[in-house]
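**Student:** Handing you this structure, nothing more for now.
Numbering (our numbering), first residue to last: 1 to 519.
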């Protein structure tokens, strides 16, 4: 325990007065009493100051850490604990046993950029001008620096912040993570398929940059090692900041196409596939699609490494960890949901999610309450003592009472956007697809793959009919009307209260900067 500095002062005072005679002290009793009173007052002042400093240190040390692990294009069924028999995910399954499964957890965009923008800001992508499409290389758009991210919210109350993985909210300097509240950044500015080997050659993308902070350190890095390198950096971040509250964001580039994994996990792939990839010219996307399930195993390993690092550093019981995906699958499975990445059916935006905080979140539980990735910002703010921005609308809600097993969802409704177009709304167990005409059986014939939307107005009970197969609109017209009122009200609010995306006049491709010494 740290001692009060007053203790040494008192000892020095006593030593300096040992030579004073008893006779003199008796004659100076009044003076001595006054002096002792002064010392006592000085002691109390110093003690209060010392105690205040140490109380603040204890309060800071007990602030929870936050870890968000986000995968790319992983489907609802691509975890063992969500029913996936085709994948092996023992560490995430264990995380679910030690925490809570969130079975009605939604992202606010069905593709990369809108989804990540919503997570970072707590807002629907349309509200912040980022609903349409994904950012590419040398894009002049990005997350507006005036927006307030989770990282900035937590930094305001003393958190250290780090991102290791894929950003995808703008590649120009003004939009990079280091300008949006993150102290550390290692990873990719956008998806790893935005490279010269893309299947659509009309893009003619430049080399893929790997970045450290705001500097490109490699071009076209070996994607086989991305998951491993990102994990190692996340583990190192935990060890370096174990004595200080932190926010760690790990947005993995995988299992987005093209699928890659490190040699240790590639060794488990069937020989025929490995032999085919040995002949690979450029990037063989279609053969790599066949190793999707094996890549999930490396993601699971990564989660285990992060959880082990928290335990090793004594942070396990003071850290909230959430694992989820940025949208539905392009290769994986969303069973029993229908739809996939880019779709407004459940499979496009309802994603697997597991949250763990020993001693705080009830273990081995499951919640089917409607929750969203937008809720992380206000929830983390509440738990950390931070204050979300009050000069703007934030669509997310504090869901800590739900995670603590004490309350129901705070959301009256959730909106499904495809680009700027509002396509569906959910309230409670009911979901209304707006469609273009009344249901007449065509909804059952509609294709429900990537990018799909309902061609008709349809009402589903997504608690009991997760696959959205039984249109109940004729049976419950009053429920459909109530949901339509949410659509009209919330859509009008968004029209009247939106903020612009960030823009630069001229965007340039990121590349290695030649060192002055080598010029």
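Glycine is no exception: its CB is placed at the ideal position from the N, C-alpha and C atoms.
Note that this is a predicted model, so its numbers are computed, not measured.
Going residue by residue through the stretch 350-416, where are the continuous beta strand (DSSP E) segments of at least 3 residues, counting only ones entirely within it?
**Tutor:** Here the runs fully enclosed are 353-356, 365-367.
**Student:** Taking C-alpha atoms, which residue in 223, 494, 154, 273 lies nearest to residue 253?
**Tutor:** 223
**Student:** Can you tell me whether residue 243 is buried or exposed? The criterion is at least 16 other CB atoms within 10 Å of its CB, across all chains shown.
**Tutor:** exposed
**Student:** Hey, residue 169 and residue 192 are a contact pair by Cβ (cut 8 Å); roughly how many whole angstroms apart?
**Tutor:** Actually they do not touch by this definition, with Cβ atoms about 16 Å apart.
**Student:** Alpha helix (DSSP H) containing residue 297: first to last residue?
**Tutor:** 292-312
**Student:** Secondary structure at residue 432, three-state DSSP: helix, strand or coil?
**Tutor:** strand
**Student:** Using the Cα positions of residue 125 and residue 382, report the straight-line distance between them to the nearest angstrom.
**Tutor:** Going by the C-alpha atoms only, they are around 22 Å apart.
**Student:** Hey, how far is the Cα of residue 228 from the Cα of residue 421?
**Tutor:** 38 Å
**Student:** Among 101, 87, 80, 75, which one has its Cα closest to the Cα of residue 361?
**Tutor:** Residue 101 is the option with its Cα nearest to residue 361.
**Student:** Since residue 377 and residue 122 are thought to touch, with beta carbons under 8 Å apart, how far apart are those beta carbons, to the nearest angstrom?
**Tutor:** 4 Å
**Student:** Just curious, the alpha helix (DSSP H) that residue 286 is in, first and last residue?
**Tutor:** Where residue 286 is concerned, the enclosing alpha helix (DSSP H) starts and stops at 285-288.
**Student:** Enumerate in chain order the residues of its own chain whose CB-to-CB distance from residue 27 is below 8 Å, with the five nearest sequence positions on each side excluded.
**Tutor:** Confidence in residue 27 is poor, its pLDDT being 39 and thus under 50, which makes the residue's placement unreliable; the coordinate value appears in the next sentence. Closer than 8 Å at Cβ, skipping near neighbours: no residue.
**Student:** Only counting the same chain, and skipping five residues up and downstream in sequence, which positions put a Cβ closer than 7 Å to that of residue 500?
**Tutor:** The beta carbon of residue 500 is closer than 7 Å to those of 129, 144 in its chain, skipping five residues each way along the sequence.
**Student:** Going by DSSP, which residues form a beta bridge with residue 164?
**Tutor:** 186.
**Student:** Who does residue 427 pair with in a DSSP beta bridge?
**Tutor:** 430
**Student:** Does DSSP put residue 210 in a helix, in a strand, or in coil?
**Tutor:** strand
**Student:** Hey, how far is the Cα of residue 89 from the Cα of residue 302?
**Tutor:** 11 Å
**Student:** By DSSP's criteria, residue 106 is part of a beta bridge. Which residues make up the other side?
**Tutor:** 350, 372
**Student:** How long is the line joining the alpha carbons of residue 511 and residue 188, rounded to whole angstroms?
**Tutor:** 12 Å
**Student:** I'd like to confirm the pairing. Which residues does DSSP put opposite residue 418 in its beta bridges?
**Tutor:** 421
**Student:** Going by the CB atoms, is the gap between residue 141 and residue 503 shorter than 7 Å?
**Tutor:** yes
**Student:** Provide the residue span of the alpha helix (DSSP H) that contains residue 489, from first to last.
**Tutor:** 477-496
**Student:** Can you confirm whether the stretch 444-462 touches the stretch 326-341 when touching is taken to mean that 3 or more C-beta pairs between the two stretches lie within less than 8 Å?
**Tutor:** yes
**Student:** If you measure between the beta carbons of residue 498 and residue 116, is that distance less than 7 Å?
**Tutor:** no
**Student:** Please go through the same chain and pick out, in chain order, the residues whose beta-carbon is closer than 6 Å to the beta-carbon of residue 353, but skip the five residues on each side of it.
**Tutor:** 102, 105, 324
**Student:** Determine the burial state of residue 513: buried for a count of at least 16 other Cβ atoms within 10 Å of its Cβ, exposed for fewer.
**Tutor:** Exposed is the call here.
**Student:** Just grab the DSSP bridge partners of residue 100 for me.
**Tutor:** DSSP lists 355, 365 as partners of residue 100.
**Student:** Roughly how many whole angstroms lie between the Cα atoms of residue 388 and residue 428?
**Tutor:** Computed Cα separation, rounded: 26 Å.
**Student:** What does a CB cutoff of less than 7 Å around residue 230 pick up in its chain, not counting 5 residues either side in sequence?
**Tutor:** 164, 165, 187, 250, 252
**Student:** Around the Cβ of residue 311, are there at least 16 other Cβ atoms within 10 angstroms (buried) or fewer (exposed)?
**Tutor:** exposed
**Student:** On the DSSP bridge assignment, give the partners of residue 322 in chain order.
**Tutor:** 68, 355
**Student:** Enumerate in chain order the residues of its own chain whose CB-to-CB distance from residue 375 is below 6 Å, with the five nearest sequence positions on each side excluded.
**Tutor:** 396, 397, 399
**Student:** Could you check which residue in 283, 94, 113, 259 has the C-alpha nearest to that of residue 327?
**Tutor:** 113
**Student:** How would you label residue 264, buried or exposed, when you count the other beta carbons within 10 angstroms and need 16 or more for buried?
**Tutor:** exposed
**Student:** Under three-state DSSP, which class holds residue 251?
**Tutor:** strand
**Student:** Roughly how many angstroms separate the alpha carbons of residue 200 and residue 185, rounded to a whole number?
**Tutor:** Looking at the two C-alpha atoms, the distance is approximately 29 Å.
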